[in-house]
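In the numbering used here, the protein residues as written are 1 to 270.
C-beta: ideal position from N, C-alpha, C; glycine also.
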Amino acid sequence: MQTAETMGGTFHHSHQIQTVPVHYNPFLPAGLHLSCGIARLSTQGGLGGFDLAGPGLTAMLCPADAPAFSTRMMEGEAKSCGFFLPVDATAEIPHLGDIQAILRHGAPLRATNRPPPHLIAQLCAPIDPWFQDGARALVAQARVLELTALVWTWLSGKDERLQPSPRLATQADTARDMLEDRLRNPPSLAELARMVGTNVRTLTDAFRLRFNMSIATYVTKRRLEVAAHLLQEGMGVAQAAYHVGYTPSHFSNAFQRQFGMRPQAARHRR
1 MQTAETMGGT FHHSHQIQTV PVHYNPFLPA GLHLSCGIAR LSTQGGLGGF DLAGPGLTAM
61 LCPADAPAFS TRMMEGEAKS CGFFLPVDAT AEIPHLGDIQ AILRHGAPLR ATNRPPPHLI
121 AQLCAPIDPW FQDGARALVA QARVLELTAL VWTWLSGKDE RLQPSPRLAT QADTARDMLE
181 DRLRNPPSLA ELARMVGTNV RTLTDAFRLR FNMSIATYVT KRRLEVAAHL LQEGMGVAQA
241 AYHVGYTPSH FSNAFQRQFG MRPQAARHRR
């Protein structure tokens, strides 16, 4: 994790790849915590909890006596960036006081898994090494301001404008139906976008906002759900794997990541 003191608080940025699930108990100092990321994790604690399976956005006003948190991060790539402002610190950032007031007079921990994916990706992207010293500090300040603006837009209810339009929602629904018809051999993103009459970027953003997951995640999830049903009906593991477009070896690993057990165990539970 990389950190930088800026805007009266601490900006942090991280990028890691987990080869196995990791469980840890993070220590969170008292103050305001704003963060966004792209990961597969589950966090629970005395102030509440949340689950992420892709882009996410969180805001928390953590008291000094906050109960401990427990986080389980699944294997895969994880990116994040955030801003921490200690309890007694001040920062000349527009709407930061409004964010604290919303958290103070309501739930102190808020999370959403429906942020604009492209904005989260931009915030979590590595800072280019070309920026050094004072220039790098300016980039960190810019990201703090952008993260704050994103959180304020969300908490103030203005993020409704970020939901897909009726036309894009219909295209996302159509894309989902087409994927359901071709789960074993799904079309490429380019082909799917052409079939519904839009471009790849527009379709992927609309699909994520509509269904709270990427197209690839949806296909994987549905293929494994269909396979699980087939196993419960008595179909053999290899046959179920081929039925949904997997080789048996890849199927076993994917099934365990999704359901926490090997397909053989699921078949025995039918």
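Residue nearest to residue i in terms of C-alpha spacing, selected from the options
i: Asn113; options: Ser188, Asp88, Leu57, Ala91; result: Leu57
i: Val200; options: Val219, Trp130, Arg72, Ala175; result: Ala175
i: Ala241; options: Phe251, Glu233, Gly234, Gln232; result: Phe251
i: Ala78; options: Asp98, Ala91, Gly54; result: Gly54
i: Leu96; options: Asn25, Gly46, Leu155; result: Leu155
i: Ala140; options: Gln100, Gly82, Val151; result: Gly82
i: Cys36; options: Gly8, Leu147, Glu92, Gln2; result: Leu147
i: Val87; options: Gly76, Leu203, Leu32; result: Leu32
i: Gly9; options: Ile93, Ser80, Pro248, Trp130; result: Ile93
i: Phe84; options: Arg208, Val219, His13; result: His13
i: Leu34; options: Leu209, Phe207, Ala137, Pro108; result: Pro108
i: Val244; options: Arg182, Glu233, Leu189, Ser214; result: Arg182
i: Trp152; options: Ala101, Asp128, Leu47, Pro129; result: Ala101
i: Phe50; options: Thr90, Ala190, Arg110; result: Arg110
i: Arg40; options: Thr19, Met7, Glu75; result: Glu75
i: Thr202; options: Gln18, Arg222, Pro117; result: Pro117
i: Gln16; options: Ile38, Leu52, Pro26; result: Ile38
i: Thr170; options: Gly157, Ala135, Phe207, Ala137; result: Phe207
i: Ala91; options: Leu145, Leu52, Gln44, Gln132; result: Leu145
i: Ala89; options: Thr217, Gly197, Phe131, Met7; result: Met7
i: Ala216; options: Gly106, Ile99, Ala190, Thr43; result: Ala190
i: Phe211; options: Thr198, Ala121, Trp130, Pro115; result: Pro115
Coil, strand or helix - residue i by DSSP
i: Phe131; result: coil
i: Arg72; result: strand
i: Leu28; result: coil
i: Leu183; result: coil
i: Glu92; result: coil
i: Val237; result: helix
i: Pro164; result: coil
i: Gly106; result: coil
i: Val87; result: coil
i: Ala39; result: strand
i: Val139; result: helix
i: Gly45; result: strand
i: Val244; result: coil
i: Ala66; result: coil
i: Gly157; result: coil
Inter-residue CB distance, residue i and residue j (contact presumed, cutoff 8 Å)
i: Arg104; j: Pro21; result: Wrong, their Cβ atoms sit about 34 Å apart, outside the cutoff.
i: Ala172; j: Pro164; result: 6 Å
i: Met178; j: Leu192; result: 6 Å
i: Met195; j: Pro187; result: 7 Å
i: Ala137; j: Ala4; result: 7 Å
Host beta strand (DSSP E) of residue i (start-end)
i: Phe50; result: 48 to 62
i: His15; result: 9 to 18
i: Ala4; result: 2 to 6
i: Ala111; result: 109 to 112
Cβ-based neighbour list, residue i, same chain, cut-off 8 Å, excluding 5 preceding and 5 following
i: Leu28; result: Met60, Cys62, Ala66, Phe69
i: Leu231; result: Val237, Ala240, Pro263, Ala266, Arg267, Arg270
i: Phe255; result: Leu224, Ala227, Ala228, Met261, Arg262, Pro263, Ala266
i: Ala64; result: Ala30, Val87
i: Thr220; result: Ala254, Gln258
i: Arg184; result: Arg223, His243, Val244, Gly245
Proximity test, Cβ basis, 8 Å: residue i and chain C
i: His105; result: Looking at the structure shown, chain C is missing, and only one protein chain is on hand.
For residue i, the first and last residue of its enclosing alpha helix (DSSP H)
i: Leu119; result: 117 to 124
i: Thr217; result: 215 to 232
i: Arg194; result: 189 to 196
i: Val200; result: 200 to 211
i: Ala254; result: 248 to 259
i: Ala265; result: 263 to 268
Cβ neighbours of residue i in the same chain (closer than 7 Å, five flanking residues each side left out)
i: Tyr24; result: Thr71
i: Ala142; result: none
i: Leu119; result: Leu150
Beta-carbon proximity list for residue i, same chain, < 6 Å, skipping 5 on both sides
i: Gln2; result: His13
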